[in-house]
Ligand code: KIV
Ligand code: ZN
């Protein structure tokens, strides 16, 4: 038996639900969520370590960068099945195989839109599409013995036709059939009924795994996925923090914790080490530039915060009065006052390890320098400060094309405000003084003068990391250029410095995106 054929579904017990994470594919398609090669590898390693069964690592035909990311994730994978997405044509499928074949356990995932709307777009009638499905799934199966097939927009496809094409895909060798709710249109009862109907009607349904892939346009992605599981689906497709196009995908942390906390009524289990959830959430929020909303279930800053006196009193006496799960179950440690400028390297390493960051000696050396600089400016350093510091180390790397070297800003009641800025661009220093309407505007004008570009600023956002006037600020900057959207992020005790670095971080990501070439505009519509 090959490694590939030992796919998780082969011997899975009836109550085992496979977790298919598509943060690096569907999540990354979210406008502005572009991730670098190194960031994708880091996320994939953590997903593998936390027990994700299948990692959809990307869309190899989309660009050289996507191909290389999937290939390298495949090479470095340990336990997880590594999956690459392909449209229903041999060129896409071959490219996906070239990338995933390096994995111990590769999977090809091929799809085509089967609803009337999608059949119109592809100009195929029902028979023509059925023939295409037979050919492409057979082609994929000749390359790889683990093949997933998706009828995109399944929830808006006529039931008779859906049964017909799924039967064809199973006969052609698909081992997983995914049922996408591509536009987030379904509701829990319908999601369950659809899976039940398919299991009852499609010949060969017992031989394969049904997967559920839900989008959150009506806020029901988690409920729809769990309803599908009730009805017999045994693979949930999801992303960390629910990242994804439009309103996003089913959130991994929500379905995993729901099945764990309410195992009495949802008696299923996953292979996820839930204590890694917070670390994964922070990492994805940082590299995607999509901060997690404060009241987000499971991973939001307020998910375990008890503001009212009655709640605080209850939780202190017995945590179960107002907490249905323990913070430590998802890897959340107490937000204590942690360190100050006299803390040493060993203490920093221990604290970071508690927060889920395991650093090598060289990395620790760099982070320690940044930590000392922060401790000089800020007396009390909290967990959230260290998390922001680690995020900044990830997003603002020493090898970036553009780096902020020096910034001095004059601001106050008398206009004009001005910024004296030095950027290092491709290893050479460039200096300018620019004016603007306020310190941030002057700084951004200075960046534009040194590195001219047409990208438009689409969003500028500031969050305080902790409380107090010496708190660090995390700044997010979203930029748009010719349909490409990127988000940059940085933290500093000086809001204007954080703004300059976030802007430069966005520009570095834009440079990366410019090197990506979409084979055709249709790729933009895959969600
Ligand atoms: O939402 C969707 O239909 C998708 C498919 C490519 C599976 O992401
Ligand atoms: Zn999708």
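Residue numbers (our numbering): 1 to 527.
Every residue gets a Cβ at the ideal spot worked out from N, C-alpha and C, and that includes glycine.
request  = Please confirm whether residue 224 and residue 214 have their CB atoms less than 7 Å apart.
outcome  = yes
ask   = Nearest-angstrom Cα distance between residue 154 and residue 29?
value = 20 Å
inquiry  = Can you determine whether any heavy atom of the ligand ZN sits closer than 6 Å to the C-beta of residue 153, and answer yes or no?
reply    = no
key: Per-residue burial, residue 429 [other beta carbons within 10 Å of its own, 16 or more giving buried]   = exposed
message = Please report the distance separating the alpha-carbon of residue 45 from that of residue 69.
response = 12 Å
message = Within 8 Å, do at least three Cβ pairs link the region 89-100 to the region 116-130?
response = no
task = Please report the residue range of the alpha helix (DSSP H) in which residue 50 lies.
result = First-last for residue 50: undefined, no H or E at that position.
key: Nonlocal neighbours in the same chain, by C-beta distance under 7 Å from residue 513, ignoring five residues either side   = 34, 484 and 486
query = For residue 133 versus residue 177, is the C-beta spacing smaller than 7 Å?
reply = no
Exposed unless 16 or more other CB atoms sit within 10 angstroms - verdict on residue 546 = Residue 546 cannot be examined here, being either before or after the span of the chain that is shown, 1 to 527.
request  = Work out the CA separation of residue 474 and residue 6 for me, nearest whole Å.
outcome  = With a pLDDT of 44 at residue 6, under the threshold of 50, the modelled position of that residue is not reliable, and the figure given next carries that caveat. Straight-line Cα distance between these residues: approximately 45 Å.
message = Once DSSP output is grouped into helix, strand and coil, what is the label at residue 19?
response = strand
request  = Rounded to whole angstroms, what's the CA-CA distance from residue 425 to residue 401? Just pull it up for me.
outcome  = 6 Å
request  = Along the alpha helix (DSSP H) that carries residue 258, what are the first and last residues, could you check?
outcome  = 252-261
task = Along the beta strand (DSSP E) that carries residue 302, what are the first and last residues, could you check?
result = Where residue 302 is concerned, there is no enclosing beta strand (DSSP E), given that its DSSP letter is neither H nor E.
query = Are residue 205 and residue 231 close, meaning C-beta to C-beta below 7 Å?
reply = no
Residue 74 classed as buried or exposed, judged by whether at least 16 other C-beta atoms fall within 10 angstroms = buried
ask   = Expressed to the nearest angstrom, what Euclidean distance is found between the alpha-carbon atoms of residue 37 and residue 175?
value = 30 Å
8 Å Cβ shell around residue 368 - same chain, five flanking residues per side excluded = 345 and 348
key: Cβ distance (whole Å) where residue 80 is taken to contact residue 48 below 8 Å   = 5 Å
task = Could you give the DSSP three-state label for residue 163: helix, strand or coil?
result = helix
task = Return yes when at least one heavy atom of the ligand KIV lies under 6 Å from the C-beta of residue 180, else no.
result = yes
query = For residue 133, which of helix, strand or coil comes out of DSSP?
reply = helix
For residue 90, the three-state DSSP class (helix, strand or coil) = helix
request  = Please report the Cβ distance between residue 254 and residue 277, rounded to the nearest whole angstrom; I am assuming they are in contact, meaning their Cβ atoms lie under 8 Å.
outcome  = Incorrect: roughly 10 Å between the Cβ atoms, too far for contact.
ask   = Thinking C-alpha only, which one of 218, 449 and 427 is nearest residue 434?
value = 449
message = Among 251, 284 and 385, whose alpha-carbon lies nearest the alpha-carbon of residue 41?
response = 284
key: For residue 152, the first and last residue of its enclosing beta strand (DSSP E)   = 147-152
ask   = Short check: CB of residue 39 to CB of residue 404, under 7 Å?
value = no
key: Distance between residue 131 and residue 500 (C-alpha atoms, nearest Å)   = 54 Å
query = Taking 6 Å as the cut-off, does the CB of residue 118 come closer than this to any heavy atom belonging to the ligand KIV?
reply = no
task = Reducing DSSP to helix, strand and coil, say where residue 243 ends up.
result = coil
ask   = Whose CA, out of 179, 19, 87 and 107, lies closest to the CA of residue 136?
value = 87
request  = Could you pull the start and end residues of the beta strand (DSSP E) that residue 30 belongs to?
outcome  = Note, residue 30: premise wrong, no beta strand (DSSP E); not H, not E.
key: Under the three-state DSSP convention, the category residue 509 falls into   = helix
task = Please go through the same chain and pick out, in chain order, the residues whose beta-carbon is closer than 8 Å to the beta-carbon of residue 268, but skip the five residues on each side of it.
result = 15, 16, 17, 229 and 259
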